[in-house]
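Enquirer:
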Amino acid sequence: MITTDNSDWATNCPEYKVTAVEVVKVFQPSQWQKRYQDFSDEQRRLLKERRTEEKAEVRR
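The structure is reproduced here in structure tokens:
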């Protein structure tokens, strides 16, 4: 349950947002989690590569 900054106009009580979720135990990441992890790994690799190139340029 999350309290919002809004309040009921008549009572001035805070509004609440309630979201129902279903939780299921799994033994491996879902496809989107695998894709996200692959994407994140690639971004980190590219950033590291770029930083290495920039350091090499500064030394010249």
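So the number in the numbering used here is just where the residue sits in the sequence shown, counting from 1, plus 7. Every residue gets a Cβ at the ideal spot worked out from N, C-alpha and C, and that includes glycine.
Go through its chain and collect everything with a Cβ distance to residue 20's Cβ below 8 Å, but skip five positions before and after it.
Expert: 14.
Enquirer: Expressed to the nearest angstrom, what Euclidean distance is found between the alpha-carbon atoms of residue 31 and residue 38?
Expert: If you take the alpha carbons of residue 31 and residue 38, they lie about 15 Å apart.
Enquirer: Taking 8 Å as the cut-off, decide whether the C-beta atoms of residue 29 and residue 11 are in contact.
Expert: Their beta carbons are not under 8 Å apart, which means residue 29 does not touch residue 11 by this criterion.
Enquirer: Provide the residue span of the alpha helix (DSSP H) that contains residue 41, from first to last.
Expert: Segment 38 to 66, the alpha helix (DSSP H) holding residue 41.
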